[in-house]
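J.: Attaching a single structure in structure tokens format; questions to follow.
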Amino acid sequence: MKGDFDHRTVALTANASAERYKPQVKLSVNVPADQGDRLRTLAFEQRVSESSIVQVALRLLFARGDDAAVGTILRDHGATLRRR
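For the sequence shown, the positions run 0 to 83 when numbering that gives the first Met the number 0 is used.
Have a look at this one:
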């Protein structure tokens, strides 16, 4: 039975590695100071990275519906185009 456990462990490890090393895009965003402070505090207290918090938040937002639905949510919460 030990062999079965080893195969499952290897499979789980391979899946976790594949998830971790998916192609990624680096973004730089500006957020209000209070949001940045809360993000840093949350990351520190929960022992997770700031980027992982943002990734989860985006995943949850995108799960709310198609692009039209997400666009409505964004506009309802004050999202606008930002120009430099």
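Heads up, the beta-carbon is just placed ideally off N, CA and C, and yes, glycines get one too.
Given the structure is predicted, the values throughout are model-derived calculations rather than measurements.
Going straight from the alpha carbon of Val24 to that of Asp75, what length do you get?
T.: 27 angstroms
J.: Excluding the five sequence neighbours on either side, which residues of its own chain have a C-beta within less than 7 angstroms of the C-beta of Arg63, listed in chain order?
T.: Within the same chain, and ignoring the five residues on either side of Arg63 in sequence, the residues whose Cβ sits closer than 7 angstroms to its Cβ are Val69, Ile72.
J.: One question on the structure: do Arg58 and Glu49 come within less than 8 angstroms of each other, judged by their Cβ atoms?
T.: Cβ atoms of Arg58 and Glu49: not closer than 8 angstroms.
J.: With a threshold of 7 angstroms on Cβ separation, who are the neighbours of Val101 within its own chain once the five nearest residues in sequence on each side are excluded?
T.: Shown here, the chain extends from 0 to 83; a query on residue 101 therefore has no answer.
J.: Grab the span of the alpha helix (DSSP H) containing Asp33 for me, first residue to last.
T.: 32-45
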